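Below is one structure, written out as structure tokens; the observations come after it.
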Amino acid sequence: IGHVRYLQAARDLGEVLVVGVNSDASVRALSKGPGRPIVPDVQRAEVLAALACVDYVVIFPEPDPGALITSLQPDILVKGGDWPIDRIVGRETVEARGGRVQTIPLVPGVSTTTLVQRIRATNA
Numbered sequence: 001i002g003h004v005r006y007l008q009a010a011r012d013l014g015e016v017l018v019v020g021v022n023s024d025a026s027v028r029a030l031s032k033g034p035g036r037p038i039v040p041d042v043q044r045a046e047v048l049a050a051l052a053c054v055d056y057v058v059i060f061p062e063p064d065p066g067a068l069i070t071s072l073q074p075d076i077l078v079k080g081g082d083w084p085i086d087r088i089v090g091r092e093t094v095e096a097r098g099g100r101v102q103t104i105p106l107v108p109g110v111s112t113t114t115l116v117q118r119i120r121a122t123n124a
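Taking the numbering used here, the leading residue of the sequence shown gets 1, the next gets one more, and so forth.
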């Protein structure tokens with residue numbers, strides 16, 4: 001539910017919402033833990049594309065969305081509230097064009113990592 005609320009809030013900030021999805025290879029490169037990603041990139045993208053608030057979904061192979069942001073040149077770049085503004089990849093690209101970077105607070109107690117930990121603890 002956290003991602004859905006986050007995406008709805010992101011959509012409310014602009015006219016078109018493009019969501020970047022890390023490829024499976026980039027998730028593994030980010031060392032998110034054993035067995036990650038749990039859901040393949042194509043399936044994650046399909047679920048996102050089915051949301052009414054999402055206009056486009058792009059799977060990107062790099063560890064970060066910098067190249068995608070440079071290519072899209074968005075007016076608004078949105079990240080979760082757990083990211084300090086000065087560490088958001090693509091911030092300089094967006095701000096250089098007069099765009100803005102916005103963070104959206106996370107839903108407390110809701111995360112994929114926490115869910116994975118609970119499932120593993122239950123099945124241990």
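Here a beta-carbon is modelled for each residue, glycine too, at the ideal position from N, C-alpha and C.
Keep in mind that this is a model prediction, so the values were computed, not measured.
Asked: Those residues which DSSP pairs with T103 across a bridge; Found: K79
Asked: Closest by C-alpha distance to V78, when choosing among G2, I1, Y6; Found: Y6
Asked: Complete alpha helix (DSSP H) runs within the segment 22 to 71 (minimum length 4 residues, chain order); Found: 24 to 29, 41 to 49
Asked: Coil, strand or helix - V16 by DSSP; Found: coil
Asked: Under 7 Å between C-beta atoms of V107 and R91; Found: no
Asked: Bounding residues of the alpha helix (DSSP H) (the contiguous stretch that carries V4); Found: 2 to 11
Asked: Cutoff 6 Å; reference Y56; Cβ partners in own chain excluding five residues on either side; Found: V18
Asked: Own chain partners of C53 with C-beta closer than 7 Å, once the 5 adjacent residues on each side are dropped; Found: L7, Q8, R11, L17
Asked: Own chain, CB closer than 7 Å to R87, minus 5 neighbours either side, in chain order; Found: none
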